[in-house]
Each structure stands twice: as C-alpha cells, then as structure tokens.
Amino acid sequence: MEYKISNRLKIAAVIMMALGLIGVTSGFLSANSVKTVEDVKVLLAEEAHHGHGDAHAEDHHGSHHADEHHGDSHGEAHGAHADEGHHMSHEEHVLHQIHNRPWAALYVGAFFFFMIALGVLAFYAIQYAAQAGWSPVLFRVMEGITAYMLPGAVIVLLIAVASGTIGHYNIFVWMNPEVVEHDKLIQGKSGYLNMTWFIVRGIIFISGWALYRQFSRKFSIAQDTAGDNRNFKKNFRISAAFLVFYIYTESMMAWDWVMSVDPHWFSTLFGWYVFASMFVSGITVIAMITIYLKSKELLEFVNDSHIHDLAKFMFGISIFWTYLWFSQFMLIWYSNIPEEVTYFVTRIEHYKLPFFGMLALNFIFPLLLLMNSDYKRINWFVIMTGIIILCGHYLDVFNWIMPATVVDRWFIGLPEIGAILLFGGLFLFIVFTALGKAPLLAKGNPFMKESEHFHY
Amino acid sequence: MEASKVIHAIYTDDDVLMSAVKKVKAEKHHIEEIYTPFPVHGLDKVMGLAPTRIAITSFMYGCVGLTVAIVMMNFIMIKDWPQDIGGKPSFSYLENMPAFVPIMFELTVFFAAHLMVITFYLRSRMWPFKKAENPDPRTTDDHFLMEIAIHDNENELTSLLQETGAVEINIVDKDEDAH
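Chains as they are written, first to last, in our numbering: chain A, 1 to 456; chain B, 457 to 635.
(1) So that I know if they touch, is there some Cβ in chain A lying closer than 8 Å to that of valine 477 of chain B?
(2) Does any C-beta atom of chain B lie closer than 8 Å to the C-beta of histidine 81 of chain A?
(3) Apart from the five residues on each side of it in sequence, which residues of its chain come closer than 7 Å, Cβ to Cβ, to alanine 483 of chain A?
(4) For serine 460 of chain B, write down the residues that DSSP places opposite it in a beta bridge.
(5) Check whether the segment 161-171 of chain A and the segment 96-108 of chain A are in contact - that is, three or more C-beta pairs closer than 8 Å.
(6) Just to confirm the assignment, what range does the alpha helix (DSSP H) spanning phenylalanine 600 of chain B have?
(7) Would you please verify whether the beta carbon of valine 557 of chain B is less than 8 Å from any beta carbon of chain A?
(8) Look at the alpha carbon of alanine 605 of chain B and the alpha carbon of threonine 492 of chain B, and state the distance between them as a whole number of angstroms.
(9) Just how far apart, CA to CA, sit threonine 468 of chain B and glutamine 618 of chain B?
(10) Given a cut-off of 8 Å, decide if tyrosine 212 of chain A and phenylalanine 242 of chain A are closer than it, judged by their beta-carbon atoms.
(11) Mapping the DSSP letters down to three states, classify isoleucine 648 of chain B as helix, strand or coil.
(12) What does alanine 506 of chain B reach in chain A if we use C-beta pairs closer than 7 Å?
(13) According to DSSP, simplified to helix, strand and coil, what is glutamate 487 of chain B?
(14) Would you check if the distance between the CB atom of methionine 149 of chain A and the CB atom of tyrosine 124 of chain A is smaller than 8 Å?
(15) So, are the CB atoms of leucine 616 of chain B and histidine 464 of chain B less than 8 Å apart?
(16) Is leucine 121 of chain A closer than 8 Å to glycine 265 of chain A when the C-beta atoms are compared?
(17) Residue range of the alpha helix (DSSP H) that valine 161 of chain A falls in?
(18) Would you identify the three-state DSSP class for isoleucine 337 of chain A, choosing helix, strand or coil?
(19) Measuring straight from C-alpha to C-alpha, what distance separates arginine 201 of chain A and alanine 419 of chain A?
(20) Just to make sure I have the definition right: I need the residues of chain A whose C-beta is within less than 7 Å of the C-beta of alanine 569 of chain B. Which are they?
(21) Compile a chain-ordered list of the residues in the segment 314-344 of chain A whose CB is closer than 8 Å to at least one CB of chain B.
(22) Mind checking if proline 554 of chain B is an interface residue toward chain A, Cβ cutoff 8 Å exclusive?
(23) Can you name the start and end residues of the alpha helix (DSSP H) that tyrosine 394 of chain A belongs to?
(24) Got a sec? Which residues, its chain only, sit under 7 Å from glutamine 328 of chain A by beta carbon, not counting five neighbours each side?
(25) What separation, rounded to the nearest whole angstrom, lies between the Cα atoms of alanine 105 of chain A and lysine 449 of chain A?
(26) Whose C-beta lies closer than 7 Å to the C-beta of valine 406 of chain A among residues of the same chain, with five residues either side of it excluded?
(27) For a cutoff of 8 Å on Cβ pairs, would you count glycine 521 of chain B as touching chain A?
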C-alpha cells in the first residue's frame, strides 16, 4: 500500500508555512517598534489600564533578587523591588515583556509540534519493547510522524540558543549574565544552568533520540523483505535500550527546555508531567493521521478495533495527565510555600482562562466524550475529541512558557497563531513526505498477522 | 407445571464450543444457557445476547459517589465544624476544593465499583446461600455445557450437536420450579 503526498496537501502545507512566517515576522517587527521606555509610557497611557501597575513585579525579571520574597502579594514584592533601588522600572519590565512575546510565541509553537513527534517515538518504542500484537499495522504511520522529531528538536534548541545570543535573553533569564550576577539562587545552579552545558546536553538528547529513530526505521524497512526475524529482534533490543535513555533524557529535557524558564522554581515530577502531555498529544496525532489515511482507503488493514484502542489510550493518558498535573498542583497549593506557590499564583492571577480552560479541554472533554465504548469507534468523533485534546495541550505548553516571559501581556494573536501555522505546516510537510517513502504496511513484522486480525 | 425437556451438550474446548454455537444458531435453535468454567471472549455476541447495560449503571453510581463526596465534605469541613488546615481558614468550599479532590475521586470509584458488583450479582440472581443453578459440576472445572430446550425435535438436535463435536449429550427433564 503506497502513499504519495498529494500536491494539494503540499501546497496547503507551504501556504501554512508562508502565512505563519508572515505572522511570526510581523510579531517581531511590531514588538521591535516599541523601542524605548518612552514608547512604553505612551503605550500604557493608551491602554489606560490604571491600577494595573503593581501586577508586574512577579515576572522573570523579578528573579534578579535571590533574597526577594516571592509572596502572594504582588504589590508587596513590587514595593520591595522599588525599595532596593533596583534599576528596572515598571515600564522597562513591560518593554522586556513586549520584546519577549514573539520569541516565546515562536518557542511554544515549535515545542508543541516537536513534543508530538517525540511522544510518538516513545509510543513506538514501547510497542516494540512490549512486542505488542495489536499495533504493527500502525507502525508506518508512527514512523512517518517521528520523521519530524529531528528537525523539530533542532528547531527548539536553536530558538532557545538564539534567544540567548541573537535575542536579548528573551526566553531564559538565566542566560543573562547580568541577571545571574545579582541572583544567588541562579548562581547556585549555574554549574548546571549555563549556556555551554545547555547546548551540550541538548545535542546529547537529540542525537540519542535521532539515532534510535534512524536505526529503528532502517530495521523496520529491512524487515519488510527479510527472510528471518533478525531485524525485528534488533529493533526489539534497541527499543528497550532507547526507552531507558529516553526516560532520563526526556526528564532532563523538560527541566532544560521548559522548567528553567522559571529558574527559581522547580518541581520534581515536572519531567513526568511533560511526558504525559507529549504522550497523549502524540497518540492523538497517530489516531488522527490513521483516520485520515483510512478515509483515503489506504489503510484497509486497519480496523475499528485499532481506532478503538488508540481512543482508549487518548482517554487513559488524558486522565494520567490530569493525575500528574493535579499531583503537582495540590502539593504546592496545600503547603503554600511562597517560593513554590508563586508559580501557580502567577498563572491563576493572569492566566485564568488558559489555565482552567486547559483543564476542561484536557480532562473533562476527553473524559466525558470518550467514556462510552461505542464512541471510540466512530472516526469523526475521535477526530473531534483529538482536536480538543491538541488545543488543550497547546495551551498546556503556552502555560509553561508564557507566564515566565510575558507575564500578563499574553494574547493568542498574530505571533502565536503564526508560530502554529509555521511549524504546523512544516510538521505536515515532513510527516506526509515521510509517509510516502515506505509502504504503509510493515509487512515483514512477525506480529503482522495478529495485528491485521486484531479484534477487540 | 409440566416438566420440560432440555438437551445438555458438553464440550471440552472453547473454540469447539464457539463454532458449535454458530452452527446451532445458524439452524435457528434457541440456546437457553451456556455454562463455562471461564468467560469465553465473544460468546455473548455469537449467542445473540443483548449488550450489557452495566456500564450505564456504573456511570450513574459514580455520579452518586461524586455527589456524596461533595456534600459530605461540605458538611464536615465547612458547615458543621469549620477547620483550619494548612493555614487556609477560608471556610469557603470552593477555595478549599483542591483538598477534597482525592476524596471525590475515591468515593466516585468506591461507589461505582461496589454498587456495580452488587448490581451484577442481583441481575444474575446470585446471593449468599443460593442453590447453584449449574447442572453439571464439571463446568466449574474444564467442561463447557450448552443447554437447548427440546420441542419434539430430540433426534434432530442430537444429531446436530453430535456433528458440532460435543463429547457428551444428555436429555434431562428440567423442573421449572427449581429455577
């Protein structure tokens, strides 16, 4: 069963990328048009948001003060701020936030699509390591999606590094030597959190994942025409090894690429939480692309039971995500330690809609929509729920990055949608091109017969 | 009441049983009951049984459990004896809600699980000290038994069941009252 990316899809992907590029560029241009503190003063006067001023202290530039108390009261923190005679005025904060927004928007979009591909890679490795019998008919779809992992990861790392070199430390404050100079906490972490090690670790993560992707794809294709199961066995072994490597590097990647945007704050289950997010997004995209290809009558060997199982995973991992999200939230909320709880104070204060909206999209919708067994077999229903889950997890990434970079100056506007279109177009282009490079049935897999006859 | 006659066909393999059920259904005979030592996957569908509605009851029991948890915690922690735990003397249900989420979860699961099991037993007409309906004790070990009512077609049924690979065929007088 062969697939070739259609011209229509190719053109659509290119148009998405072009529109996205326009959005991203205009985001950067309009951010840079606000150049000085004077401009900000004019802007703020125009916005006429009076009594809003004391809300801005709880941003990442506040992390200059290692000894500053990040209390619930923003006004107080801001007062302390001013009393110390610190050189940063409110307008200057706003100026930084305005400049940070296009960078953060770009980073959120890039990370979201990269995380889908990495989640699928982990799912794929689990299928091999567990010698699952139901899923081999979906292997080529998964291999197509994981083609985006390498470019996606490189883009994320490049944006992160560029924000600390070309940009003005727009995403990660710990990259700014001036900040570190005044910050005892970051100084204490600088053995780990420094540019060189950040890049070295990033390269180690990416090359490990990419090596596994490269070889598993190679063995998978070689198995199609092989007379014995040697390639399959190799794939089984490297998948098990990869999963060990992955569970460490994924966690560290989550600290480096996501958690360190708030360098004072940490959570010990953050890696798992990010994992749950990427896993459920990845499985959702597997289901959506499978249903798309099936609607083109290209996957006639995929039956309702396969869709049912994928939908069960979407349901289950959505609840797993909620479990981890809540475990992190409740402990911090309950203990109410200022330096920990500030993370959620910022989000609940300035991000009420995305923060609680994400909970509805990622938990309540999948829970109620996918609870009924029969609905998990209705293709359009799985697609609709999938769209909700993906929107929810985009917001999840948004809630990781934005509060640390733009604080209350967030909006899902041109820069954000531009980044989604840009990387979404690139994702579609790379994934569907890769899908066309090999037969859609991995026919040499020893479990193929079981998988084709899979019946729940 | 007049005793009715039933035929008991005994099988020793679930795959043989499955194909036998298909053949018997194809001949348009009504299968009264099948006794198996373990759940046979897909047997209900082949027998043409209506799908179970126990999931719907489970959902409703879960909703009851969730409601009980919400009302109970509101009474205990907010209304009856307001408590200050972790420096949160807000005395507002909503503001203390995250602390109650584990309780809501547990009671939802508890109600759904226990009431579903009880419903299942009642619906299957099983209760303590009830006399077993099982016609042959071997079906609790390694034999499968198919029961078909006879309506003046004893010979036809016997030969059909023999063809399907039954290892033993018995004609039994069934006393309806013993049910």
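Every residue, glycine too, gets a C-beta built ideally from N, C-alpha and C.
Checking against the coordinates, here is how it stands:
(1) Not closer than 8 Å to any Cβ of chain A, the Cβ of valine 477 of chain B fails to qualify, so no.
(2) Below a pLDDT of 50, predicted positions are generally treated as unreliable, and histidine 81 of chain A, at 40, falls in that range; the measurement from the model is reported next regardless. For histidine 81 of chain A, the nearest beta carbon of chain B is not closer than 8 Å to its own beta carbon.
(3) There is no way to answer for residue 483 of chain A, as the model of chain A reaches only from 1 to 456.
(4) Beta-bridge pairing by DSSP links serine 460 of chain B to B:Lys630.
(5) The segment 161-171 of chain A and the segment 96-108 of chain A touch, with no fewer than 3 CB-CB distances between them shorter than 8 Å.
(6) Per DSSP, phenylalanine 600 of chain B lies in no alpha helix (DSSP H); the unbroken beta strand (DSSP E) holding it starts and ends at 600-605.
(7) For valine 557 of chain B, the nearest beta carbon of chain A is closer than 8 Å to its own beta carbon.
(8) The straight-line gap separating the alpha-carbon atoms of alanine 605 of chain B and threonine 492 of chain B is approximately 18 Å.
(9) The alpha-carbon atoms of threonine 468 of chain B and glutamine 618 of chain B are separated by roughly 13 Å.
(10) For the pair phenylalanine 242 of chain A and tyrosine 212 of chain A, the CB atoms are nearer than the 8 Å cut-off.
(11) No answer is possible for residue 648 of chain B: the residues shown for chain B start at 457 and end at 635.
(12) Per Cβ cutoff of 7 Å: no residues; alanine 506 of chain B is ~14 Å from chain A at best.
(13) The identity of residue 487 of chain B in the sequence shown is isoleucine, whereas the question assumes glutamate. In the three-state reduction of the DSSP assignment, isoleucine 487 of chain B falls in the strand class.
(14) No, the pair does not count as a contact, with Cβ atoms beyond the cut-off.
(15) For the 8 Å CB-CB criterion, leucine 616 of chain B and histidine 464 of chain B do not form a contact.
(16) This sequence places tryptophan at residue 265 of chain A; glycine is not what is there. Not a contact, by the Cβ cut-off of 8 Å.
(17) Per DSSP, the continuous alpha helix (DSSP H) segment holding valine 161 of chain A begins and ends at 149-165.
(18) It is coil, neither helix nor strand.
(19) Those two C-alpha atoms are separated by around 25 Å.
(20) Within chain A, no residue comes near alanine 569 of chain B; the closest Cβ sits about 16 Å away, beyond 7 Å.
(21) Within the segment 314-344 of chain A, Phe326, Phe329, Met330, Trp333, Tyr334, Ser335, Asn336 place their CB atoms closer than 8 Å to a CB of chain B, listed in sequence order.
(22) Chain A contact via Cβ: present.
(23) Counting along the chain, the alpha helix (DSSP H) containing tyrosine 394 of chain A begins and ends at 379-405.
(24) These residues qualify, in order along the chain: Ser267, Leu269, Tyr273.
(25) For the pair alanine 105 of chain A and lysine 449 of chain A, the Cα-to-Cα distance works out to about 45 Å.
(26) Result list for valine 406 of chain A: Gln97, Asn100, Arg101, Ala104, in chain order.
(27) The beta carbon of glycine 521 of chain B does not come within 8 Å of any beta carbon belonging to chain A, so the residue lies off that interface.
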